[in-house]
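Down below is the structure, laid out as structure tokens.
In the working numbering, the protein residues as written are 122 to 369.
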């Protein structure tokens with residue numbers, strides 16, 4: 122739940138997320154919010170992004186261009202650029218990745234009205250929207266440390282450009298993502314990145330924090346507990362009988 126995440130206060134490492142109007146895929150933040158040494162702050166409209174952030178995450182969006190305009194209307198573009206100038210890190214996921222580039226071109230109007238807009242320019246990449254949405258479960262590895270990453274892609278558009286030559290993920294040998302020359306700005310189409318314990322620990326270490334949460338094991342424990350609860354208190358035979366009656 123986004124409100125639970127917004128109120129999460131952890132340790133000294135601060136991750137800041139602007140609350141976009143059409144923000145999507147909130148579960149990308151859950152593994153970070155579970156970390157004792159991490160404070161995840163979702164910044165609502167009308168407030169500036171805090172200047173003490175270690176990492177700013179631009180999340181996924183149901184309307185990339187619409188949310189990019191919304192971000193600018195809030196003045197968050199100025200905050201993000203200032204954060205980067207101060208030496209901060211920025212990560213864009215899916216729509217957020219597209220926003221970090223130089224341009225977003227939507228000739229067919231698949232994301233709204235047809236047109237071309239300037240991005241934030243923190244990555245030397247360009248995105249062209251396409252009518253067909255890519256939806257797939259994905260297994261990847263980091264290119265610098267071969268750390269496993271599991272996630273999913275759900276997006277429209279193709280992103281290319283000079284910073285794609287510094288792709289930091291590999292999917293079946295295919296380069297994925299882009300990174301700036303200074304390494305402090307990265308983008309990827311892959312959701313669910315932070316659920317991998319090894320990858321999350323690596324990111325937190327680069328920000329001066331230590332991972333203390335076994336998120337993958339925690340999820341398995343919750344699912345096992347839920348399965349035990351359902352087995353104990355749910356009459357499965359009766360449910361099957363009802364299902365057969367409905368089919369009839």
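All residues carry an ideal CB built from backbone N, CA and C; glycine is no exception.
Host alpha helix (DSSP H) of residue i (start-end)
| i | result |
| --- | --- |
| residue 327 | 318-327 |
| residue 151 | 151-154 |
| residue 217 | 216-221 |
DSSP-derived helix/strand/coil call for residue i
| i | result |
| --- | --- |
| residue 134 | strand |
| residue 300 | strand |
| residue 362 | helix |
| residue 241 | coil |
| residue 207 | coil |
| residue 305 | coil |
| residue 213 | strand |
| residue 234 | coil |
Where the beta strand (DSSP E) through residue i begins and ends
| i | result |
| --- | --- |
| residue 312 | Note, residue 312: premise wrong, no beta strand (DSSP E); not H, not E. |
| residue 284 | Here residue 284 belongs to no beta strand (DSSP E), and DSSP marks it neither H nor E. |
| residue 226 | 224-227 |
| residue 249 | 247-249 |
| residue 291 | 290-292 |
8 Å Cβ cutoff, residue i in contact with chain B
| i | result |
| --- | --- |
| residue 259 | Note that chain B does not occur in the displayed structure, where there is just one protein chain. |
Cross-strand partners of residue i (DSSP beta bridge)
| i | result |
| --- | --- |
| residue 181 | 145 |
| residue 271 | 260 |
| residue 170 | DSSP, once it has assigned bridges, lists no residue as partnering residue 170. |
| residue 164 | 139 |
| residue 295 | 292 |
Proximity to residue i [Cα-Cα], best of the options
| i | options | result |
| --- | --- | --- |
| residue 239 | 206, 262 and 220 | 220 |
| residue 318 | 134, 137, 153 and 139 | 153 |
| residue 294 | 260, 182, 362 and 191 | 260 |
| residue 147 | 217, 203 and 198 | 217 |
| residue 226 | 280, 140, 170 and 316 | 280 |
Residue i burial status per 10 Å Cβ neighbour count (16 or more: buried)
| i | result |
| --- | --- |
| residue 301 | buried |
| residue 292 | buried |
| residue 256 | exposed |
| residue 180 | buried |
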